[in-house]
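Shown next, in structure tokens, is the structure this report addresses.
In our numbering, the protein residues as written are 6 to 106.
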């Protein structure tokens, strides 16, 4: 079931704060690592419980997450810079979907 939402614009920012409610539901804490995967033109962000070859980022203070350059560049080349974010409890992930300009 999807809960609340946020938006992010890669032309203005390369990071975002994950709301505390989302972090609690996904069991993400400051200092943890999260993975970024691109699936069907969506960015899927999940907690990383082990080392992986996936694109990763460390969660900063108050849930600050930096979106890696590789991910931003992939979408910027497609002309996609604004994203709508939702928490997907079933997948235990944050999903970022491109917004239509």
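Ideal Cβ positions, reconstructed from N, Cα and C, are used throughout, including at glycine.
Here the structure is a predicted model, which means the values were calculated and not measured.
Looking at the structure shown, is residue i part of a helix, part of a strand, or coil, going by DSSP?
i, result
"residue 93", "strand"
"residue 86", "coil"
"residue 71", "strand"
"residue 6", "Since pLDDT at residue 6 reaches only 40, below the 50 mark, its modelled position is unreliable, and the value read off the structure follows with that caveat. Note: residue 6 maps to coil in three-state DSSP."
State the Cα-Cα distance for the pair residue i and residue j, rounded to the nearest angstrom.
i, j, result
"residue 19", "residue 75", "11 Å"
"residue 46", "residue 97", "18 Å"
"residue 55", "residue 61", "11 Å"
"residue 79", "residue 89", "17 Å"
"residue 13", "residue 100", "12 Å"
Given residue i, which residues of its chain have a CB within under 8 Å of its CB, disregarding the five upstream and five downstream residues?
i, result
"residue 37", "52, 53, 63 and 64"
Identify, in the order they occur along the chain, each residue of the same chain with its Cβ nearer than 7 Å to the Cβ of residue i, setting aside the five sequence neighbours on each side.
i, result
"residue 30", "92 and 94"
Are the Cβ atoms of residue i and residue j separated by less than 8 Å?
i, j, result
"residue 39", "residue 50", "yes"
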